[in-house]
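What follows is a single structure, written as structure tokens, with notes after it.
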Amino acid sequence: MNSQIHIAVIGAGIVGCSCALWLQKKGFRVTLIDPAEPGSGTSSGNAGTIAEYGCIPVNSPDLLRRLPALLFSNNSPLSLDLGYVLSHPGWMLDFLINCREHKVERITRLLGKLLAKVYEGLDPLLDMAQARDLLTQQGFLDVYRDEREFNAAKKYIQTRRRYYSEFVELDQGDIRALEPNLKIPFARGLLADGISHVLDPMALCQRYVECFLRNQGRLLRQRALEVRHGAGAVEIQLDSGANIEAERVVVAAGAFSKSIEGIPTQLLKLDTERGYHVQFGGKQHLLSRPVSWRQAGFYATPMNLGLRFAGTVEIAGYHGEINPGIIDYLTRKAQEMLELPDKPDQEWLGFRPTCPDALPVIGFSTVSEYIIYAFGHQHLGLTLSGITGKLIAELANGEDPSHNITPFSPRRFL
Ligand SMILES: Cc1cc2nc3c(=O)[nH]c(=O)nc-3n(C[C@H](O)[C@H](O)[C@H](O)COP(=O)(O)OP(=O)(O)OC[C@H]3O[C@@H](n4cnc5c(N)ncnc54)[C@H](O)[C@@H]3O)c2cc1C
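Per our numbering, residue 1 is the first one in the sequence shown, and the count goes up by one each step.
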């Protein structure tokens, strides 16, 4: 009987919360551990899109060519802190190796196949947590300023279409008809009508946790410091000094998963791509759907509390200081796009959990079948949260996973 088996989940971001609910669906007794408010980490500030089309990683041969220019630009969606990169060369070198054409093709194929399963994992959770009102299917619009921008993206667009074929090409008139408030006369666009987005990503986590608690789940607002594993059980040392015992543990602490002692997560080359948003309260009516200006590196998403401009990638480590240059960049681009106040009323920094090969880590730890990893979802953590939860619950239950997770195993780093 699974109800006799206790599973601890470390981390109550969207991935940990999804794992916790799926484990409950399988009948396990579950404890969720997080010192912070559930969903208040990276999962709170994302662009909210269920990006079924998002199979192409940031890694690309083109990035290799543009890297020197990016290092010195303050008008770019991608920036690197040279000091950080030089003091952590391992991740960066591996990231660059994964920018080679054949590597990118492999990553794209693996992500594309996993993304095709997104709703198998998400739908049951939305029903279970009565959270359908937080998701809306308004479609997704990708815009290109001129023919040059569009032509430069052609290869990217074709590859993406191989895994998500629903995009329809638009011209300037079509784009204006759909989004009349856009100030820039974007020349070309791609519309995917079937895409949904979340109206309040943190509220979604909280709805999951409310459901989890109704199902007799236990939430511990403490930090996990160390995991010790023995025969048939694990022990988790908490920052209060207490220990809890469980038959299995799921590590889902996002970018911070590698800070937990006792498990060799340090070998996994997990690091963080910092990302930002600025939000203009009450301005959500200016757009009808998420609009991505790919060249500028962000999404503009209408959410319950405002219009959110989220994106950018900064490789600069784990410190919590906001880079004002990136906030200025996002604010300037947002104002170029739409009529907005001088200042946003929310500025936010988050830490995407990213491995250099842009693939998540889903699978048994290399040291014990009682320790299961669920992190490293880079730009797709919200999208892939449900299917990750489902796969983790299948593993914990001793089933063959319903999707091939061998490429996501931590063993790939050995
Ligand atoms: C700007 C931006 C835009 C994005 N847009 C999208 C998008 O549109 N669609 C999409 O699918 N994804 C998007 N993402 C990515 C997505 O937000 C992340 O992949 C996802 O939030 C990661 O979730 P997580 O649960 O793994 O991590 P987190 O949300 O970071 O949660 C980890 C949790 O673990 C806890 N924790 C850390 N250490 C410990 C410890 N020792 N003990 C206990 N708990 C611990 C933390 O407090 C935190 O609550 C975006 C990201 C950014 C930054």
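For glycine and all other residues, C-beta sits at the position ideal for the given N, C-alpha and C.
Considering only residues of the same chain and omitting the five flanking positions on each side of Ala47, which have a CB-CB separation below 6 angstroms?
The residue given as residue 47 occupies position 47 in the sequence shown. Here Ala47 has Tyr299, Thr301 and Ala310 as same chain residues with Cβ atoms under 6 angstroms from its own Cβ, once five neighbours each way along the sequence are excluded.
Just tell me which of Pro341, Val250 and Lys283 has its CA closest to the CA of Thr388.
Here residue 388 refers to the residue found at position 388 of the sequence shown. That would be Val250, whose Cα lies nearest to the Cα of Thr388.
Does any heavy atom of ligand 1 sit closer than 7 angstroms to the C-beta of Asn323?
Position 323 of the sequence shown, counted from the first residue, corresponds to residue 323. For ligand 1, not one heavy atom lies less than 7 angstroms from the Cβ of Asn323.
Measuring from the CB of Ile10, is there a heavy atom of ligand 1 at a distance below 7 angstroms?
As a working mapping, residue 10 is identified with position 10 in the sequence shown. Yes.
Pro344 versus Pro407, Gly320 and His277, residue with shortest Cα-Cα distance:
Within the sequence shown, numbered from 1, the residue matching residue 344 stands at position 344. Nearest to Pro344 by alpha-carbon distance, out of Pro407, Gly320 and His277, is His277.
State the Cα-Cα distance for the pair Ala192 and Glu247, rounded to the nearest angstrom.
The sequence position of residue 192 within the sequence shown is 192, counting from 1. The sequence position of residue 247 within the sequence shown is 247, counting from 1. About 44 angstroms.
Could you check if His377 is buried or exposed, using at least 16 other CB atoms within 10 Å of its CB as the buried criterion?
Position 377 of the sequence shown, counted from the start, is the residue given in the question as residue 377. Flag for His377 reads buried.
DSSP state of Gly386, grouped into three classes?
Counting from one through the sequence shown, the residue named residue 386 turns up at place 386. Looking at Gly386 - three-state DSSP - the assignment turns out to be helix.
What I want to know is whether the C-beta of Val118 ends up closer than 7 angstroms to one or more non-hydrogen atoms of ligand 1.
Residue 118 sits at position 118 when you count from the first residue of the sequence shown. Incorrect: Val118 has no Cβ contact closer than 7 angstroms to ligand 1.
Which partner residues does Ser40 have in the DSSP bridge list?
Position 40 of the sequence shown, counted from the start, is the residue given in the question as residue 40. The partner list for Ser40 (beta bridge, DSSP) is empty, contrary to what the question assumes.
Just to confirm, is the Cβ distance from Glu273 to Thr354 under 8 angstroms?
To locate residue 273, count along the sequence shown from 1; it is residue 273. To locate residue 354, count along the sequence shown from 1; it is residue 354. For Glu273 and Thr354, yes; Cβs fall inside 8 angstroms.
Using the rule of at least 16 other Cβ atoms within 10 Å of the residue's Cβ for burial, across every protein chain shown, is Tyr318 buried or exposed?
Stepping through the sequence shown from its first residue, residue 318 is reached at position 318. So Tyr318 ends up on the exposed side.
Span of the beta strand (DSSP E), counted from its first residue to its last, around Arg274:
On the sequence shown, residue 274 is found 274 positions in, with the first residue counted as 1. Asp271 to Gly281 is the span of the beta strand (DSSP E), which, as asked, contains Arg274.
Run the CB neighbour count on Met1, radius 10 Å, all protein chains shown included, and call it buried at 16 or more, exposed below.
Residue mapping note: residue 1 aligns to position 1 of the sequence shown, counting from 1. With fewer than 16 Cβ atoms within 10 Å of its Cβ, Met1 is classed as exposed.
For a minimum of 4 consecutive residues, which ranges assigned as the alpha helix (DSSP H) are wholly contained in the region 289-353?
Listed in chain order, they are 324-337.
On the three-state DSSP scale, how would you describe Gly16?
For this step, residue 16 is matched to residue 16 along the sequence shown. Correct three-state label for Gly16: helix.
Residue interval of the beta strand (DSSP E) (run including Glu245)
Taking the sequence shown and counting its residues from 1, one reaches residue 245 at position 245. Per DSSP, the unbroken beta strand (DSSP E) holding Glu245 starts and ends at Asn243 to Ala246.
Own chain partners of Lys269 with C-beta closer than 8 angstroms, once the 5 adjacent residues on each side are dropped:
As a first step, residue 269 is located in the sequence shown; it is residue number 269 there, counting from the start. Here the set comprises Gly90, Trp91, Asp94, Cys355, Pro356 and Phe413.
Do the region 100-118 and the region 41-57 make contact, defined as three or more Cβ pairs closer than 8 angstroms?
Verdict: yes, contact present.
Selected residue, minimal CA-CA separation from Asp174, among Glu166, Arg160 and Pro185:
As a first step, residue 174 is located in the sequence shown; it is residue number 174 there, counting from the start. Across the set Glu166, Arg160 and Pro185, the C-alpha of Pro185 shows the shortest separation from the C-alpha of Asp174.
Indicate, with yes or no, if ligand 1 has a heavy atom lying under 7 angstroms from the CB of Ala253.
Here residue 253 refers to the residue found at position 253 of the sequence shown. Within the cutoff, so yes.
Does the distance from the CB of Ala129 to the CB of Arg218 come in under 8 angstroms?
Within the sequence shown, residue 129 is the residue found at index 129, counting from 1. Within the sequence shown, residue 218 is the residue found at index 218, counting from 1. Not in contact: Ala129 and Arg218 (Cβ atoms no closer than 8 angstroms).
Candidates Cys205, Pro290 and Arg100, of which the one nearest Leu134 by Cα:
In the sequence shown, the residue the question calls residue 134 occupies position 134. Looking at the Cα atoms, Cys205 is the closest of the given residues.
Please determine whether the Cβ atom of Tyr299 lies at a distance below 7 angstroms from any heavy atom of ligand 1.
Numbered from its first residue, the sequence shown carries residue 299 at position 299. Relative to ligand 1, Tyr299 has its C-beta within less than 7 angstroms of a heavy atom.
Considering only C-alpha positions, which residue in the set Ile327, Arg132 and Val104 is nearest to Leu78?
Sequence index remark: in the sequence shown, residue 78 carries index 78 (1-based). Residue Ile327 is the option with its Cα nearest to Leu78.
If Cys17 sits next to Ile392, beta carbons under 8 angstroms apart, how far is it from one beta carbon to the other, in whole angstroms?
Taking the first residue of the sequence shown as position 1, residue 17 is located at position 17. Taking the first residue of the sequence shown as position 1, residue 392 is located at position 392. The C-beta distance from Cys17 to Ile392 rounds to 12 angstroms, too long to meet the 8 angstroms contact threshold.
Any idea what DSSP makes of Ala166, helix, strand or coil?
Numbered from its first residue, the sequence shown carries residue 166 at position 166. First, the residue type needs correcting, since residue 166 is Glu and not Ala in the sequence shown. In the three-state reduction of the DSSP assignment, Glu166 falls in the coil class, being assigned neither a helical nor a strand state.
Using 8 angstroms as the limit for Cβ to Cβ distance, is Gly282 near chain C?
The structure shown contains no chain C; it holds only a single protein chain.
One question on the structure: do Ala252 and Val85 come within less than 8 angstroms of each other, judged by their Cβ atoms?
Indexing the sequence shown from 1 puts residue 252 at position 252. Indexing the sequence shown from 1 puts residue 85 at position 85. Between Ala252 and Val85, the C-beta gap is not smaller than 8 angstroms, which leaves the two residues out of contact.
Which stretch, first to last residue, makes up the alpha helix (DSSP H) that contains Ser60?
Mapped onto the sequence shown, residue 60 falls at position 60. From DSSP, Ser60 is part of no alpha helix (DSSP H); its letter is neither H nor E.
Ligand 1 and Ser79: does the residue's C-beta get closer than 7 angstroms to at least one heavy atom of that ligand?
The residue labelled residue 79 in the question sits at position 79 within the sequence shown. Ser79: no, Cβ never under 7 angstroms from ligand 1.
Inter-residue spacing [alpha-carbon to alpha-carbon] between Ile236 and Glu179
Here residue 236 refers to the residue found at position 236 when the sequence shown is read from its first residue. Here residue 179 refers to the residue found at position 179 when the sequence shown is read from its first residue. Cα-Cα distance, rounded: 51 angstroms.
If you draw a straight line from the C-alpha of Val227 to the C-alpha of Glu210, how long is it?
The sequence position of residue 227 within the sequence shown is 227, counting from 1. The sequence position of residue 210 within the sequence shown is 210, counting from 1. Roughly 26 angstroms between the two C-alpha positions.
Answer with buried or exposed for Leu213, where buried requires no fewer than 16 other C-beta atoms within 10 angstroms of its C-beta.
For the purposes of this step, residue 213 is taken as residue 213 along the sequence shown, with counting starting at 1. By the neighbour-count definition (other C-beta atoms within 10 Å, threshold 16), Leu213 is an exposed residue.
Does the distance from the C-beta atom of Met7 to that of Ala396 stay below 8 angstroms?
As a first step, residue 7 is located in the sequence shown; it is residue number 7 there, counting from the start. As a first step, residue 396 is located in the sequence shown; it is residue number 396 there, counting from the start. For clarity, residue 7 is Ile in the given sequence; the question names Met instead. Yes.
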